[in-house]
Structure formats: structure tokens, C-alpha cells
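>
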Amino acid sequence: MASSSEAPKPEEETQTDQAEEPKGEDPKSDPPPKDRTFSQRELYQAGRRINEGSNKVKQGLGATLALGGTGILVWHHWAALATFNCLGAGLLALGAALARAGGSGRGEKPGQAKFKLRLLNNSDRWKTDAQALDTLLGMDAFQQKDLAKAAAQAEKKEQQLLKEAVKKQSEDVKEALKAGEDAAAIQARLRPRTFVFDFSSGSLDAGVPGSKNMKKRLEDFQDIVSFVLHCATEHDEAVVRITSPGGAVIDYGFASAQLMRLRQRGLKLTACVDKVAASGGYMMACTADTIVATPFSLVGSIGVLAALPNFNKVLRRYEVDWLQFTGGRYKRTVDPLSEPTEEGIEKMKQEINTIHDAFKGMVLQQRTHLDMDEVATGEAFLGAEGKERGLVDRLATSDEVLEERMEVSDVIEVSFAEKKRGLRELLEGKMEAAESLVTDCWERATSLGRRGAVELKDPQF
């Protein structure tokens, strides 16, 4: 008995000796984990994954219990429920519940592409069509022997030059890596990119691809700018194609601020105007390093507009009183239903002039050479005249600008990927559109006279 009780001691001593051995002597043993500080986002995502697993179990259990309870009730009351009306109502309720449950998980799924990215470089876009044209005309192979020989020699020479250039670039990369330059930085320097995206509004265009109203356009525009900032390096550029006659001050102030984010990060920004960038649209264009417009486009219109009908006389005619209660002397200056006062009208004019001064200051800050007394009259100018007055830096189409960038960079068009829409999405879209229309009409009817209703918009549109 004594020997059996003392037997484990040598084994314990052996384990202790093994624990005291220097680290790294046993090649099979794993190295001790190093301390690591997790960010709040990592902790949040880990906790969310744990909670999702727990919630799925609870949901499955709840669905099972609910289904069992429903089955028991139907079994006991089948005679009363077995009518077409009850069955139809039950199926309708069940379908609504399933649609609701399916909609509760809507949103961007991990791994789901939010944007549609398209490489615009001509060598990739037109290669197939160019080959088809040569085949159609019988020019896919040279008929004359001398021409075929010359073409083969030219191609061979080009391939040799290309091979030498690749070899030199490889040597440069090796030298840069030896010097300690980061691999990602080298890749960004060797292959710069130009991101191109659109902003349009009004009846001239459909807006940011995928957008249905101004609120959605601004949200999508914000997302595109954020995506470009997330991906871009110091070697990349951005081109925004603007088509807009302007609109509400707050909307175009926000859109301009989004473009300023690109400038603040040091990205070169070019604004292209093929049709119109007037008033608020021109405010956006002014955030760019360079403004390029076509000769017959419309630019400028540096002014502020506010207009509203007044129905107070109509109300008095039908003996209808409009009661409005405000706190603050200038909470409401003029509106469609109250009797306008001289003080309110004067205050409204003062607010318009304040916004106009801020507009002019913003333009002058970006384009210091402008004579504001000459160009800030509210007039819209043709692109050619705008070039003479300093509103535009260059006359060209956006296609010309992009073709030039294709010579030195990959030109990538960023837009929103179209989503497949089922019956539920179509119904929700119609409801959202109706709600947006009603809300917009109500806000326009009740908020006229407030600063948010003042527009940076060319009156011609």
C-alpha cells in the first residue's frame, strides 16, 4: 500500500522538471501566446457573433413552440376555422409575418458588393469591338507580304521594348524593397488609379445611379466619397461629373462638404461639367482643383433664390383664421398663410443676402482670382464665357479628361450596384416613394420662409 501511494511522486517530479525546462527546447510544444489588446470594434463584432448564435437558438425554439401551439388550436377548432375566409386571412397573416421576418434582416450583408466598379480604359473596353471591326473589314490579317513583314517586325520590336521595361521595373522594385519601402506603397506608385463618379439632380438626369430622391442621392454620394477615401492612396486622383442646376442650400452645402473631404486628404480632384453646373452645382464644382466644362454648358449662377405664394387674402375672404404660435422674434419671417409684415420681409431679404455672401466667400476661397462683383450677379454663363471670366479652367468634355487619365492610370467608374427586387422590395419602394412625395410637399408648404427653403438654384431650370 505504501509503495502504491508513493508511486506518483516521481511522475510529479518529472512533470515539474519538464515545466522548468527552458522555452523552445521542445520543438513540438507551441509558443506561449503573446499579449494583445483588442479594439472596441473587434470586441463588438465578437460579441455580436456570440449573440447572433444565441438569438438563432432562441428564435428556433420560439418558432417551434409557436408552430406547435398553432397546430393544437387548429386541431381543436378545425370545424370553425375551415372556411375560405378564415383560411385566406390566415394565409395572408402568415405571409405578412414571413415578409416582415425576412425584411428584419435587410441591410448590407457581409461580402455583398455595394458598388458597381467598371474599368473604363479604352484598351479593355473597345478591344473586342475593335477586333470584330477588323474581322468585318477583312483587316485581321495583312494581305500584302511586305505589310505583314513590317507589322511583324514592329510587333517584335514593341515586345522587346516592353520586356526591357518590365525588367527595369523589376530591378527598381527590388531596390525599393531593399531600401525599406512598403510593398503596398510600391504597388500604389506603380499603378495609380483615377476614380470617377457622378452627381446629378433635377430633371436633367436620374441622379446618382440607384437614387430616387435628393435625400437618397446625398446618402449615396456620401457613401461613394467614403469608399474612394477608403481605397485611394496619395498616387490616386478623383473625377466627379456634375450635372445640376442647383437646389436647397443645405443639400448642396452638404454635397460640397463631401467633395472637400477628398481635397483635405490630398487627392487631386477634377470637376467635369458636360451640361450644367449652376448655382449649387457650381458650388460643388468649385471644390475641385480643376473645373473642366464643355463650351455650351452652363456654369456660374452664383446667387440665391427664394419664392413663395401667399394665401392670406384667400383665407380672409372665406373668413378662415390661420393661427400660428412662435417663440422668438424671427422664428418665422414669412410663410404662405400668414399676413406678411414689413419686418418679416426685411428679415427674409437679410437672410438671403447672408447666404449669398457665404456663397461668394466659399467660391472666392477656392478661386481667389475671380472678380466677384462681375461673376456673382446670379447670371449663368456658357462654358466658353465662363472660361474667359475665370469660372472654368479648361474647355473639354469629360470623355477627353478620362482618356488622358487612361494614359497614365487605371480609370475606375464607381456607381451603385443594381439590386434584384422582389415583390416585397417593389411594394416597399412604392410606399417609400409615396411617403417621400407627401413629406416633401408638406415641408415645402409649411417651411417656406425658413432658411432651409432658400435655394441655390438657377431660375431657368
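With numbering that gives the first Met the number 0, the residue at position 151 of the sequence shown is 150, and numbering never jumps.
By construction, the Cβ of each residue, glycine as well, lies at the ideal position given by its N, Cα and C atoms.
Only a predicted model underlies this, so the values are computations on that prediction, with no experimental measurement involved.
Pull up the distance between the alpha-carbon of residue 297 and that of residue 320, whole angstroms please.
Each residue's Cα considered, the two are about 45 Å apart.
> Pick out whichever of 170, 232 and 135 has its Cα sitting closest to the Cα of residue 183.
232
> For the beta strand (DSSP E) containing residue 353, name the first residue and the last one.
No beta strand (DSSP E) contains residue 353, which is instead part of the alpha helix (DSSP H) from 341-365.
> In three-state terms, what does DSSP make of residue 299?
strand
> Keeping to the same chain, check which residues put their C-beta closer than 7 Å to that of residue 260; ignore five residues upstream and five downstream.
224 and 228
> Under 8 Å between the Cβ atoms of residue 200 and residue 243?
yes
> Can you grab the Cα-Cα spacing for the pair residue 463 / residue 277, in whole Å?
The structure shown has nothing for residue 463, since the chain only spans 0 to 460.
> Classify residue 340: buried if its beta carbon has 16 or more other beta carbons within 10 angstroms, exposed otherwise.
exposed
> Any contact of the region 291-308 with the region 384-399, i.e. 3+ C-beta pairs under 8 Å?
yes
> Buried or exposed, going by whether 16 or more other CB atoms sit within 10 Å of the CB of residue 390?
buried
> Just the Cα atoms here: how many angstroms apart are residue 271 and residue 286?
12 Å
> Per DSSP, what kind of secondary structure is residue 324 in: helix, strand or coil?
The answer is coil: DSSP assigns residue 324 none of H, G, I, E or B.
> The beta strand (DSSP E) that contains residue 239, what's its start and end?
236-242
> Who are residue 409's beta bridge partners in DSSP?
192
> For residue 324, does the count of other Cβ atoms within 10 angstroms reach 16, so buried, or fall short, so exposed?
Under a 10 Å Cβ-count criterion, residue 324 is classified as exposed, with fewer than 16 other Cβ atoms of the shown protein chains found around its own Cβ.
> Spell out a yes or no on whether the region 363-381 and the region 300-307 are touching, meaning 3 or more CB-CB pairs, one atom from each, closer than 8 Å.
Yes, since at least three Cβ pairs between the region 363-381 and the region 300-307 fall closer than 8 Å, the two stretches touch.
> What distance in whole Å lies between the Cβ atoms of residue 235 and residue 194, which are believed to be in contact at a cut-off of 8 Å?
7 Å
> Can you list, in chain order, the residues of its chain whose CB lies under 8 Å from that of residue 363, leaving out five sequence neighbours each side?
369 and 371
> For the alpha helix (DSSP H) that contains residue 126, what are its first and last residues?
If you look at residue 126, you'll find it in the alpha helix (DSSP H) that goes 126-135.
> Does the region 346-353 touch the region 324-337, meaning 3 or more C-beta pairs lie closer than 8 Å?
Verdict: yes, contact present.
> Kindly indicate which three-state DSSP category residue 198 falls into: helix, strand or coil?
strand
> Counting C-beta neighbours from all protein chains within 10 Å, is the total for residue 238 16 or more, i.e. buried, or is it exposed?
buried
> Please classify residue 218 as buried or exposed, where buried requires at least 16 other C-beta atoms within 10 Å of its C-beta.
exposed
> Which of helix, strand or coil does DSSP assign to residue 117?
In the structure shown, the three-state DSSP call for residue 117 is strand.
> Do you know whose CA, among 62, 230, 309 and 386, lies nearest residue 289's CA?
386
> Write down the C-beta distance between residue 250 and residue 213 rounded to the nearest angstrom, noting that I regard them as a contact closer than 8 Å.
6 Å
> Would you mind sorting residue 334 into buried or exposed? The rule is 16 or more other CB atoms within 10 Å of its CB.
buried
> Report the partner residues of residue 380 according to the DSSP bridge assignment.
298
> Does the structure place the region 396-414 close enough to the region 110-121 that three or more beta carbon pairs sit under 8 Å?
yes
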